[in-house]
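**Q** Quick note on numbering that gives the first Met the number 0: the sequence shown kicks off at 0 and runs consecutively.
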Amino acid sequence: MLSDADLLDTPLEDLTALARAVRDGAHGRRVTFSPKVFIPLTMLCRDRCGYCTFAKAPARLGSPYLTPEEVLAVARAGREAGCHEALFTLGERPELRYPVARDWLAAHGHASTVDYLVEMCRLVLEETGLLPHANAGALFPDELARLRAVSASQGTMIESLAEGLAAHRGAPDKDPARRLATLEAAGELAIPFTTGILVGIGDDRPGQLAALRAIAASHTRHGHVQEVIVQNFLPKPGTAMARAEPCPPEDLQWAIAAARLVLPREVHVQAPPNLSDDLVPLLDAGIDDWGGVSPVTADHVNPERAWPALDVLREATEAAGHTLAPRLTVYPSFVLDPERWLDPALRFGVLDASDAEGLARDATWCSGGGEPPPLLLGGPAVPGHVPHGGGAVAEVLAGVGLGQEVGAAEIVTLFSARGPEVRLVAEVADDLRRQAVGDAVTFVRNRNINYTNVCTFKCRFCAFSKGPLSLNLRGAPYLLELDEITRRVAEAEAEGATEVCLQGGIHPSFDGDYYLHVLEAVREASTAIHIHGFTALEVTEGARRSEVPLAEYLTRLKEAGLKTLPGTAAEILDDDVRAILCPDKISTDEWLEAHRTAHSVGLRSNITIMFGSVEQPHSWARHMVVTRALQRETGGFTEFVPLPFVHMATPLYLQRKARRGPTFRETLLMHAVARIAYAGDIDNIQASWVKMGAEGARQVLQAGVNDLGGTLMDENISRAAGAQHGQRMGVEELEAIVAPLGRPLVQRSTLYALAGASPGA
Ligand code: SF4
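1. Quick check: H529 and T749, are their CB atoms within less than 8 Å of each other?
2. Could you pull the start and end residues of the alpha helix (DSSP H) that Q630 belongs to?
3. Quick check on V311: buried or exposed, where buried means 16 or more other Cβ atoms within 10 Å of its Cβ?
4. Report buried or exposed for Q403, applying the criterion of at least 16 other Cβ atoms within 10 angstroms of its Cβ.
5. For V406, verify whether its CB is less than 7 Å away from any heavy atom of ligand 1.
6. Alpha carbon to alpha carbon, what distance is there between R555 and R432?
7. Out of curiosity, what's the CA-to-CA distance linking G437 and H321?
8. Using the three-state DSSP reduction, which class does W289 fall into: helix, strand or coil?
9. Tell me the residue span of the alpha helix (DSSP H) that contains S545.
10. Short of 8 Å in beta carbon distance, which residues of its chain neighbour G201, apart from the five on each side in sequence? Order them along the chain.
11. Could you please give the first and the last residue of the uninterrupted alpha helix (DSSP H) stretch that includes E314?
12. Which residues mark the beginning and the end of the beta strand (DSSP E) in which K35 is found?
13. Please return the same chain residues whose Cβ sits closer than 8 Å to the Cβ of L60, not counting the five positions on each side in sequence.
14. Using 10 angstroms around the beta-carbon of L472, count the other beta-carbons present and answer buried if the total reaches 16, otherwise exposed.
15. Would you report the Cα separation of F192 and V405, rounded to the nearest angstrom?
16. Under the criterion of a Cβ to heavy atom distance below 7 Å, does I255 qualify as lining ligand 1?
17. Alpha carbon to alpha carbon, how far is V699 from V411? Give it in angstroms, no decimals.
18. Please identify the residue among E732, V737, E519 and D351 whose C-alpha is closest to the C-alpha of L653.
19. Report the option in A324, V613, L413 and Q685 whose CA atom is closest to the CA atom of A620.
20. Does at least one heavy atom of ligand 1 sit under 7 Å from the Cβ of S464?
21. Is it the case that the CB of I505 approaches a heavy atom of ligand 2 more closely than 7 Å?
22. Take A696 and list the residues in its own chain whose beta-carbon comes closer than 7 Å to its own, dropping the five residues that flank it on each side.
23. Note down the Cα distance separating L14 from A210, rounded to an integer number of angstroms.
24. Compute the Euclidean distance between the alpha carbons of A752 and A673, then round it to the nearest angstrom.
25. Let me check understanding here. Comparing Cα to Cα, which of G703, A720 and R47 lies closest to L651?
26. Please name the residue in F456, F533, E125 and V517 whose C-alpha comes closest to that of P507.
27. Is it right to say A54 is buried, meaning 16 or more other beta carbons lie within 10 angstroms of its own, or is it exposed?
28. So for H218, helix, strand or coil by DSSP?
29. Can you tell me where the alpha helix (DSSP H) holding T181 begins and where it ends?
30. Would A20 be called buried (16 or more neighbouring beta carbons within 10 Å of its own) or exposed?
31. The beta strand (DSSP E) spanning V329 covers which residue range?
32. Counting only the same chain and skipping the five closest in sequence on each side, list residues whose C-beta sits under 6 Å from that of A496.
33. Quick one: grab the DSSP three-state call for Q434.
34. Using the Cβ count rule (16 or more neighbours within 10 Å means buried), how would you classify A676?
35. Work out the CA separation of P325 and T710 for me, nearest whole Å.
36. Under the three-state reduction of DSSP, which class applies to H384: helix, strand or coil?
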């Protein structure tokens, strides 16, 4: 840790280099911003700060406060524009200065401005789902506590601890002790908190260091400071400080670098992008956040300085070798620890808006939904969007280029790719795809037969099964007669299917022989059709109910015609996650053992992953690493099939305990990273058109995917969860997905024997 003397004596260039290194070590090359709307609840204020144009006299305002309708109108516009944050900014306790404020509050049934703020935060949260951030100045603990119940985060600028600054003359709430007490109380109440310093209002550098050290000390006690804003003073006409000098850019750079070096590594450092003409020096000084950026509302505190358009911000950020990522008003480490940091009323709203890393969802697309995915690939390459200066993702890709294996840590790094990095990961994956299997896009003609939807298990992500705990009774419980299975197989074969895919719930009446009877029913209709069926759970249960070892049971199934096992029931092969998703299902080791045993008796199988509900990327990495190890042991896996979580009708989502599936960026990366992680071990990466639709499938085909799976007459499981992409896909429709890519569509067998060019090719 550098002393104050070191910080004051080190040349600026060296100081910023040190700050950059700390920033890169702690937060990498990613720079975040919060898409927000700005809600100026009241522009009246009892304080008279010398630099402020936000506060107005009552005569200059049509109404002392925004009405609830006005507040909601702004919030709804923000929701429409893809914002996640509603930033409430307001003057401090205007009712203590202006009768008109007191009267308005009384007439509307509120005792104070903070009372009204609590109500408006609640209204916005409940009506729009935007996450309120309350920026209400110096508050008392009871006020902070009431706001905590309706806002995801709060903030108060320390500005400066210097006593007697002219800028703060006439501003009782800018008393340093009051600001520090607010910061401390927020820590005691476990409120994710934003604070900061205002550079250039008369404080000297030692004074700025004192403020930063006080913030650091409070954070060390409570862990609650999520970000520190380093804001530069700009004089504004009509204010007491209109003729003061603006904060020189080098002073801002020094303060940013000092903040980065004084504050604990996990605290984010922010500089507003609209208050500087050149953004590069801010990045060079060590920031990793741009703060709230609104596509809808002006910066009401600095109305003369418009926010840069997001495209401009992205381009400037990427041109400087960084990536840009949207975040919520709460930062990821707080999002991922909701019991500690969030009131129960906020937890689902935060979860629902977040991605697997705890950052903000970057588009409204969700798997199974009708909305087309954002175009991450397949559009024109944007000049200037090629990252330079390396970064962790580029380093891992360089290693891949040298033939190095990616371990769990590297896989997690690849999942962190944003912006142009996503395109780079996809390109590397697609090169590996080309080398492994060429350009053919394969598919199998198959039919799903889900013989029963009754299940004794209680998987909390499953909308398909009808058990005693089913929350959603789409469709009635059923158990197909064996004759019906025979009929469906015959029908499928007559339509050209080469495979039947058999999966179902674990019906309480099933014994181990049931699965043998199903195989007999299939064979009665066809001796040729490939039988792909029975998950690791089903065969494990079948063996248990038959009271025979698994190898013996699987051998019986094989002799009765079974050829391959689907990888479903894998969900996420990480027992911490399985404890949430499917606590009574087989464990990771049991899933692996079922497939190891299947391979040992001559059956083959595939690997699935159901991702995007409650888990983080480190669990995806574990899944890939353990299945890759098994593949190296047995060689029995034919393909990897990512299954994005379709959230709509699942018990876990309806209980408000899961995210709304992966984002499309995560979905695309799952395919691309899998191609990289399994390179040399598993040649086939499949896209599930049921879950991501034709547009999504076309994009992942450019990210390492070579297979579109089955035509799936009678897809039921994703549809039960709310997927809207249909129950079957004709060859013409598959052709329509593939044709724009200029790649041939080729029918395959289950085991990837190719049948030649497709009829439509
Ligand atoms: S996922 Fe399978 S085992 Fe779990 S409840 Fe659904 S049907 Fe039953």
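Note that beta-carbon positions come from the ideal geometry of N, C-alpha and C, so glycine has one too. Note that the structure is predicted; figures quoted are calculated from it, not measured.
**A** Taking the geometry as given:
1. yes
2. Element bounds for Q630: P616 to T633.
3. exposed
4. exposed
5. It is Gly, not Val, that sits at residue 406 in the sequence shown. No, ligand 1 has no heavy atom inside 7 Å of this Cβ.
6. 36 Å
7. Using only the alpha carbons, I get a separation of about 33 Å.
8. If DSSP states are grouped into helix, strand and coil, W289 belongs with the strands.
9. Taken as a continuous stretch (DSSP letters only), the alpha helix (DSSP H) holding S545 covers A535 to S545.
10. S159, A161, L164, A165 and A166
11. L309 to A318
12. R29 to T41
13. M42 and L43
14. Bear in mind that a pLDDT of 48 at L472, under 50, signals an unreliable position, so the number given afterwards is only what the model happens to contain. Per the 10 Å Cβ criterion, exposed.
15. 37 Å
16. no
17. Going from the Cα of V411 to the Cα of V699 covers about 19 Å.
18. D351
19. L413
20. yes
21. This structure simply doesn't include ligand 2; it includes ligand 1 instead.
22. A686, W688, L707 and I736
23. 18 Å
24. Spanning the two alpha carbons is a distance of roughly 22 Å.
25. A720
26. F456
27. Buried, by the Cβ-count rule.
28. helix
29. P175 to E187
30. exposed
31. Counting along the chain, no beta strand (DSSP E) covers V329, and no H or E run does either.
32. R444, N445 and R446
33. helix
34. buried
35. 37 Å
36. Residue confidence is low: H384 scores 47 on pLDDT, short of 50, so the model does not pin down where it sits. Its coordinate-derived value is still stated next. Coil, per DSSP.
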